[in-house]
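Chains as they are written, first to last, in the numbering used here: chain D, 101 to 222; chain U, 26 to 624. Report on the following structure.
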């Protein structure tokens, strides 16, 4: 009887740990996907050199219309493995030819990652 | 027994739990590390962008940027300038030592360190300035390419890095008839092309280069990418508010900035651009040369003569954009001298001028051969055969009796003797051109001035060499570089050796009377050149259907030279210089990263 009790307690604990572990793994995978999406936007901006010179905010949940092709895809949204991601992009001029671009990716309401770089825009 | 089994199972389950936890922690760690690495990389890329922006504002920028934060904080980047880190040689004339080898003039080597927490990502980039037109061929014409008489086309990496590269000739004319690329020469004349010849025409005789030496392919039916179309008129209009240049007789030096001329510009003298951009709405006629560093835009036809001097600096180059046709003429200086010495007789010491002329060419050629046999580690010995050659060319001293040179006293300094002969001739454009050229080689009134100038002490030598390293000056370079070579370190020795090699190689001992042009010539009309001209850079003739037909071909009045055509007539040499063309139009171009490397 004692053995059965020990096994039952241990199994419950194990199931709990496994469940939360699997959830963490899924979150980590989703976070990496979101990071890749943000990186994709920054990479396309760098390759195309298409950066607005003024401060703008693009909300992918609206979605705010692009201006002269900016922001590039995957803005405004992307769905990966049936999970929707929404992108938010802001530009902030530092000098007349030097602009910061921030990309935030949100998913499942409570999760988000943010990445940022700056671009030369002659 | 049941308890033991249970405890055993518990142990196994505990091990599984530990393994799972370790996996979770590792996953979390790698995820965080990946995100930090990405943030650091983004910061490093932001640093590169910041550098491009700062270089645009000030091409000589070389101030350290330490721990510059991105706007949202967190990630940072740093750029440090030193020969072991970042080196800005955008405005330089000569290569500078850098962490990965020499940093070529017109480029910047930047090491940008991005960091996020403890994670660093380092980017190394080469930054250049890209002009509005570039070419990978020595001659690019949308029409016919016609070569006549002695023609030589070759290619090198850079003026200070004369490694041979292919110099291709490309005709974009798809007209289905013979002679889209054509060479004609009289007996004794030759054409050498160290590269390939391509024609877009499918005609089997589209390329007629019989008798010419072509080291690469000769292929018809080879469409080339169309030459770039530069909005010359638009650029001139956009700069119509710029001030007019203040032109003075002789030589006009234009400082960095933009200049505008509303109508035609006819100028008797040399235009020396020092980072200047000259915009001429009408025709541009310069009865002299266009040299220095900058860009010239001409809304009409352009005509000018070549330069008497040479430079070893890639930064010394002009980009000429002409809406109308371009004529670049030389002076036939070698033929003039051949004829002059044949009838001039002897000098005051009884030495035939023909001997001085022959010695000038011979010793220049020997100096070039000797230099080519050296390398950076075995150049620069006082009393070497190269040293003797230079002394004999310019220095009026006692006879040289060191084998293999046994020279009578009166035969020393033939460059000076020929200068004296030229001074006694009637004034003419060719006589004036050659006087400048021989004075450039050795000033007859001051033996311490000129390429072959002599020196009396080490300080003088080092002064001349330092000036050459700083700005490409060639005064006193030959003797100075040789005799003071051992006083420099290995890195500077390599630069000095490439500098003197480049300078001497450009002298072209067999064509000492040639005129020079360094840079890119771009026209929407035709390009015509004649009379012993050396062009270092490249030619683009891009017909944009705006220019009228050209002029009758002097060798065949039934033909016309038309927009998009290139015609090199009598004694034209084109040396495709890859590094130089990469910087063409740099005073009007934008900065960009030409090479990305990640550490």
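Backbone N, C-alpha and C fix where the C-beta goes; we use that ideal spot for every residue, glycine too.
For residue 622(U) and residue 135(U), I'd like the C-alpha separation in whole angstroms. Position 597 of the second chain, counted from the first residue, corresponds to residue 622(U). Position 110 of the second chain, counted from the first residue, corresponds to residue 135(U). Their backbone Cα atoms lie some 10 Å apart in a straight line.
Residue 181(D) at chain U interface by Cβ criterion, 8 Å: By 1-based counting over the first chain, the position of residue 181(D) is 81. Residue 181(D) does not count as touching chain U.
Measure from the C-beta of residue 163(U) to each C-beta in chain D and report whether the shortest distance is under 8 Å. The residue you call residue 163(U) lines up with position 138 of the second chain. Chain D contact via Cβ: absent.
Less than 8 Å between the CB atoms is what I'm expecting for residue 221(U) and residue 204(U), so what's the real figure, rounded? As a position in the second chain, residue 221(U) is number 196, starting the count at 1. As a position in the second chain, residue 204(U) is number 179, starting the count at 1. With 8 Å as the limit, residue 221(U) and residue 204(U) do not qualify as a contact, their Cβ atoms being about 18 Å apart.
The region 119 to 142 of chain D: positions lying closer than 8 Å to chain U by Cβ: 121, 124, 125, 128, 131, 132, 135, 139 and 142
Identity of the residues DSSP links to residue 205(D) by a beta bridge: Start at 1 with the first residue of the first chain, and residue 205(D) comes out as number 105. 187(D) and 213(D), per the DSSP bridge assignment.
For the structure I just gave you, are there three or more beta carbon pairs, one from the region 472 to 491 of chain U and one from the region 507 to 525 of chain U, closer than 8 Å? yes
Which runs of the beta strand (DSSP E) at least 3 residues long sit entirely within the region 100 to 183 of chain U? Give them in chain order. Complete beta strand (DSSP E) runs here, min 3: 101 to 104, 112 to 114, 121 to 123, 126 to 128, 132 to 141, 144 to 155, 164 to 166, 170 to 173 and 176 to 183.
With a threshold of 8 Å, are at least 3 pairs of Cβ atoms found where one atom belongs to the region 120 to 134 of chain D and the other to the region 192 to 202 of chain D? no
Under 8 Å by Cβ, that's how I've got residue 279(U) and residue 309(U) pegged, so tell me the actual separation to the nearest angstrom. What you label residue 279(U) is simply residue 254 of the second chain in a count that begins at 1. What you label residue 309(U) is simply residue 284 of the second chain in a count that begins at 1. The C-beta distance from residue 279(U) to residue 309(U) rounds to 13 Å, too long to fall under 8 Å, and the pair is not in contact.
Residues bridged to residue 292(U) by DSSP? For the purposes of this step, residue 292(U) is taken as residue 267 along the second chain, with counting starting at 1. Per DSSP, 311(U).
For a contact meaning CB atoms closer than 7 Å, what does residue 110(D) contact in chain U? For the purposes of this step, residue 110(D) is identified with residue 10 of the first chain, where counting begins at 1. 35 and 38, listed in chain order.
Below 8 Å between beta carbons: does that hold for residue 39(U) and residue 103(D)? Numbered from its first residue, the second chain carries residue 39(U) at position 14. Numbered from its first residue, the first chain carries residue 103(D) at position 3. No; because the gap between Cβ atoms is not below 8 Å, this pair is not in contact.
Using the Cβ count rule (16 or more neighbours within 10 Å means buried), how would you classify residue 88(U)? Here residue 88(U) refers to the residue found at position 63 of the second chain. Exposed, because fewer than 16 other Cβ atoms sit within 10 Å of the Cβ of residue 88(U).
CA-to-CA distance, residue 512(U) to residue 114(U), given in whole angstroms: One-based indexing of the second chain puts residue 114(U) at position 89. One-based indexing of the second chain puts residue 512(U) at position 487. Using only the alpha carbons, I get a separation of about 24 Å.
Min CB distance residue 216(D) to chain U below 8 Å: Sequence index remark: in the first chain, residue 216(D) carries index 116 (1-based). Closer than 8 Å: yes.
Tell me the DSSP secondary structure of residue 326(U) in three-state form. Here residue 326(U) refers to the residue found at position 301 of the second chain. Coil.
So what does residue 555(U) bridge to, in DSSP terms? Position 530 of the second chain, counted from the first residue, corresponds to residue 555(U). Bridge partners of residue 555(U): 354(U) and 594(U).
Which of the three DSSP states, helix, strand or coil, is assigned to residue 621(U)? For the purposes of this step, residue 621(U) is taken as the residue at position 596 of the second chain. In this structure, DSSP gives residue 621(U) an extended state, which the three-state scheme calls strand.
Between the region 574 to 590 of chain U and the region 358 to 374 of chain U, are three or more C-beta pairs nearer than 8 Å? No contact exists between the region 574 to 590 of chain U and the region 358 to 374 of chain U.
Taking 8 Å as the CB-CB cut-off, is residue 107(D) touching chain U? Here residue 107(D) refers to the residue found at position 7 when the first chain is read from its first residue. Yes, residue 107(D) counts as interfacial toward chain U.
Report back the beta-carbon spacing between residue 419(U) and residue 449(U) to the nearest angstrom; my notes put them in contact at under 8 Å. Reading the second chain from its first residue, position 394 is the one you call residue 419(U). Reading the second chain from its first residue, position 424 is the one you call residue 449(U). Contact doesn't hold; Cβ gap of about 20 Å is too wide.
CB contact below 8 Å: residue 60(U) versus chain D: Within the second chain, residue 60(U) is the residue found at index 35, counting from 1. It does; some Cβ of chain D falls within 8 Å.
The beta strand (DSSP E) with residue 346(U) in it runs from where to where? Within the second chain, the letter at position 321 stands for residue 346(U). Following the DSSP letters along the chain, one finds residue 346(U) inside the beta strand (DSSP E) bounded by residues 343 to 347.
How would you write the range of the beta strand (DSSP E) that residue 331(U) sits in, first residue to last? As a working mapping, residue 331(U) is identified with position 306 in the second chain. Neither: residue 331(U) is in no beta strand (DSSP E) and is coded neither H nor E.
Taking a contact to mean a Cβ-Cβ separation below 8 Å, would you say residue 598(U) touches residue 555(U) in this structure? Counted from its first residue, the second chain places residue 598(U) at position 573. Counted from its first residue, the second chain places residue 555(U) at position 530. Not a contact, by the Cβ cut-off of 8 Å.
Does the beta-carbon of residue 234(D) have 16 or more other beta-carbons within 10 angstroms, so that it is buried, or is it exposed? Within the shown structure, residues of chain D are numbered from 101 to 222, placing residue 234(D) beyond reach of any answer.
Rounded straight-line distance, which links the Cα of residue 318(U) to that of residue 162(D): Mapped onto the first chain, residue 162(D) falls at position 62. Mapped onto the second chain, residue 318(U) falls at position 293. Roughly 52 Å between the two C-alpha positions.
Coil, strand or helix - residue 237(U) by DSSP: Reading the second chain from its first residue, position 212 is the one you call residue 237(U). Coil, per DSSP.
Through-space distance from residue 119(U) to residue 520(U), alpha-carbon basis: Locating residue 520(U) in the second chain gives position 495, counting from the first residue. Locating residue 119(U) in the second chain gives position 94, counting from the first residue. Cα-Cα distance, rounded: 8 Å.
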